[in-house]
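Novice:
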Amino acid sequence: DQQTTVLGIETSCDETAAAVVKDGKRILSNVVASQIKSHKRFGGVVPEVASRHHVEQFTLVCEKAMEDAKVDWADLDAIAVTQGPGLVGALLIGVNGAKALSFAHDLPLVPVHHITGHIYANRLSGDMQFPLIALIVSGGHTELIYMKEHGSYEVIGQTRDDAAGEAFDKVARTIGLPYPGGPEIDKLANVGEPSIDFPRAWLEPDSYDFSFSGLKSAVINKVHNAEQRGEELNKADIAASFRESVVDVLVTKTIKAAKNYNVKQILVAGGVAANQGLRERIESECKKEGIPLSIPPLSLCTDNAAMIAAAGTIGYLKGQRADMALNGKPGLNI
Ligand code: KG4
Ligand code: ZN
Numbered sequence: 005d006q007q008t009t010v011l012g013i014e015t016s017c018d019e020t021a022a023a024v025v026k027d028g029k030r031i032l033s034n035v036v037a038s039q040i041k042s043h044k045r046f047g048g049v050v051p052e053v054a055s056r057h058h059v060e061q062f063t064l065v066c067e068k069a070m071e072d073a074k075v076d077w078a079d080l081d082a083i084a085v086t087q088g089p090g091l092v093g094a095l096l097i098g099v100n101g102a103k104a105l106s107f108a109h110d111l112p113l114v115p116v117h118h119i120t121g122h123i124y125a126n127r128l129s130g131d132m133q134f135p136l137i138a139l140i141v142s143g144g145h146t147e148l149i150y151m152k153e154h155g156s157y158e159v160i161g162q163t164r165d166d167a168a169g170e171a172f173d174k175v176a177r178t179i180g181l182p183y184p185g186g187p188e189i190d191k192l193a194n195v196g197e198p199s200i201d202f203p204r205a206w207l208e209p210d211s212y213d214f215s216f217s218g219l220k221s222a223v224i225n226k227v228h229n230a231e232q233r234g235e236e237l238n239k240a241d242i243a244a245s246f247r248e249s250v251v252d253v254l255v256t257k258t259i260k261a262a263k264n265y266n267v268k269q270i271l272v273a274g275g276v277a278a279n280q281g282l283r284e285r286i287e288s289e290c291k292k293e294g295i296p297l298s299i300p301p302l303s304l305c306t307d308n309a310a311m312i313a314a315a316g317t318i319g320y321l322k323g324q325r326a327d328m329a330l331n332g333k334p335g336l337n338i
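Sequential numbering of the sequence shown, starting at 5, is according to the UniProt record's numbering.
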């Protein structure tokens, strides 16, 4: 195998991140500047605030990634950058910064789809066995993807409305938890009972698509009705019941896809892959069915640039290149 050293850059949402990865699987450095504090008081990510932070942090984060990795620009084979999907203003900072670095250091530039980055976070912590089914669950995405080999992606199911992480964040807001709500709901769910029977959207029998807006509305209605009647609500039980409803659908559809496509492995990735309820349930189901499972460690589930470098390494080896006309694409297709 050809040896590669790739600098990855990620600015699609609210983390400014740069990382150096060797041979697509070994992390030499992984720097993430989180903006969560700045967005928290607004209850969600403010795009204009995100862009400004990316401008401020970009150079510092890239320099730190190079320094931590103890490599020179001449040691790099390529620069990989998230082209989309994401917030347009945020993407543009990373894309233009990466173009400048690529031009200045005469390095090939490789565009990366953010979701493929999440998938390749799994290669930084283990092996990928093909064919596989990947469940991607993040703030912006909920997708089931079939991969028959490196760099090949077939979307077999996706959300028709809210992403899983988005539903977590909105339900958290309804019961008064701070942004980002996913980890907060997760913690609260651990001390609650899933005693409330919230709906599960199975959709058509043969569909791998998801829908979480009905569930989200059911939770919001339950909370508002209780408030109007002056009833005391057990928030931990709501969190536990909501989490179970989401996890139930995610895990059932993923296992079904894995069996129908006769895969060698299930991958889980994206911010919601940090969810303890999801991790435990998919682990036990995979064990029961005898399907090998890969989930990245918590730190590689949420946005980072090591995963972008890992996915970018595959693109680089396949000859994918961008030139100085590269633009950020908020709605980029996989
Ligand atoms: O992948 P990510 O960092 O950014 C996107 O690409 O969207 O995912 C962020 C999402 C947020 O919605 C956040 O609430 C959710 O992942 N999240 C969680 C947990 N940790 C992060 N959701 C549920 N349980 C968690 N433990
Ligand atoms: Zn992400």
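Glycine is no exception: its CB is placed at the ideal position from the N, C-alpha and C atoms.
Just how far apart, CA to CA, sit M70 and A125?
Specialist: So the two alpha carbons sit approximately 20 Å from each other.
Novice: Taking I31 and L128 to be in contact with their CB atoms under 8 Å, please state how far apart those CB atoms are, rounded to whole angstroms.
Specialist: Indeed they touch by this definition, with Cβ atoms about 6 Å apart.
Novice: Within a Cβ cutoff of 6 Å, which residues of the same chain sit near E248, ignoring the five residues on either side of it in sequence?
Specialist: Closer than 6 Å at the Cβ level, and outside the excluded window around E248, lie P198.
Novice: Please identify the residue among I160, S217 and V85 whose C-alpha is closest to the C-alpha of K333.
Specialist: Per the Cα distances, V85.
Novice: Which residues, in chain order, sit with a beta-carbon under 5 Å away from any heavy atom of the ligand ZN?
Specialist: This criterion selects S142 and D307.
Novice: Given G48, which residues of its chain have a CB within under 6 Å of its CB, disregarding the five upstream and five downstream residues?
Specialist: Excluding residues within five positions, the ones whose Cβ falls inside 6 Å are Y183.
Novice: Short of 6 Å in beta carbon distance, which residues of its chain neighbour A243, apart from the five on each side in sequence? Order them along the chain.
Specialist: I189, L192, A193 and G196, listed in sequence order.
Novice: For A171, tell me which candidate among G180, F216 and L136 has the shortest Cα-Cα distance.
Specialist: It is F216.
Novice: Rounded to whole angstroms, what is the Cα-Cα separation between V276 and A82?
Specialist: C-alpha separation (whole angstroms): 30 Å.
Novice: Name the DSSP beta bridge partners of P115, please?
Specialist: Paired residues: V85.
Novice: For G144 and L80, I'd like the C-alpha separation in whole angstroms.
Specialist: Near 31 Å, if we compare the C-alpha coordinates of L80 and G144.
Novice: From this set, L297, K291 and D72, which residue's C-alpha is nearest A310's C-alpha?
Specialist: Closest option to A310, Cα to Cα, is D72.
Novice: Ignore the nearest five residues each way along the sequence and tell me which others in G316's own chain have a CB closer than 6 Å to its CB.
Specialist: These residues qualify, in order along the chain: V10, G12, A84, V114 and V116.
Novice: Span of the alpha helix (DSSP H) holding T178?
Specialist: Looking at the DSSP string, the run of the alpha helix (DSSP H) that includes T178 is A168 to T178.
Novice: With 16 as the cutoff for other CB atoms within 10 Å, does M151 come out buried or exposed?
Specialist: With 16 or more Cβ atoms within 10 Å of its Cβ, M151 is classed as buried.
Novice: Could you tell me the distance, in whole angstroms, from the CA atom of D210 to the CA atom of D166?
Specialist: Going from the Cα of D210 to the Cα of D166 covers about 20 Å.
Novice: My output table needs one value for residue 3: the three-state DSSP class, helix, strand or coil.
Specialist: The structure shown does not extend to residue 3, since the chain spans only 5 to 338, so no value can be given for it.
Novice: Would you tell me roughly how many angstroms separate the C-alpha atoms of L15 and V36, rounded to the nearest one?
Specialist: A quick correction: the sequence has Thr, not Leu, at residue 15. The alpha-carbon atoms of T15 and V36 are separated by roughly 10 Å.
Novice: Using beta-carbon positions only, say whether D213 and L207 come within less than 9 Å of one another.
Specialist: Against a cut-off of 9 Å, the Cβ pair of L207 and D213 comes out as a contact.
Novice: If contact is defined by three or more beta carbon pairs under 8 Å, each pair taking one atom from either stretch, is the region 286-297 in contact with the region 257-268?
Specialist: With a cut-off of 8 Å, the region 286-297 and the region 257-268 count as touching, because enough Cβ pairs lie within range.
Novice: On the CB-based measure, 16 or more other CB atoms within 10 Å of its CB, does K103 come out buried or exposed?
Specialist: Burial call: buried.
Novice: Do you know whose CA, among K239, V53 and N34, lies nearest R67's CA?
Specialist: Per the sequence shown, the amino acid found at residue 67 is Glu instead of Arg. Closest by alpha carbon: N34.
Novice: Leaving out five residues on either side along the sequence, give the residues of the same chain with a beta carbon under 6 Å from the beta carbon of R164.
Specialist: Within the same chain, R164 has close Cβ partners D213 and S215.
Novice: Give me, in chain order, the residues of the same chain whose beta-carbon lies closer than 8 Å to that of V59; leave out the 5 immediate sequence neighbours on both sides.
Specialist: These residues qualify, in order along the chain: I97.
Novice: Distance check for L282 and V251, CA to CA, integer angstroms please.
Specialist: Whole-angstrom Cα-Cα distance: 5 Å.
Novice: One question on the structure: do A108 and V65 come within less than 9 Å of each other, judged by their Cβ atoms?
Specialist: For A108 and V65, no; Cβs fall outside 9 Å.
Novice: Please name the residue, chosen from T120, A273, L105 and K29, that lies closest to M328 on a Cα-to-Cα basis.
Specialist: Comparing Cα positions, the closest option is L105.
Novice: Give every residue of the same chain whose Cβ lies closer than 7 Å to the Cβ of L148, excluding the five residues on either side of it in the sequence, and list them in chain order.
Specialist: I137, L139, I160, G161, Y212, K257, T258 and A261, listed in sequence order.
Novice: Among residues of its own chain, excluding the 5 on either side of V267, which ones have a beta-carbon nearer than 7 Å to its beta-carbon?
Specialist: Counting only Cβ-Cβ distances below 7 Å, and skipping sequence neighbours, we find P135, L136 and I137.
Novice: Using the DSSP secondary-structure output, state which residues sit across from G12 in a beta bridge.
Specialist: Its beta-bridge partners are A23 and A84.
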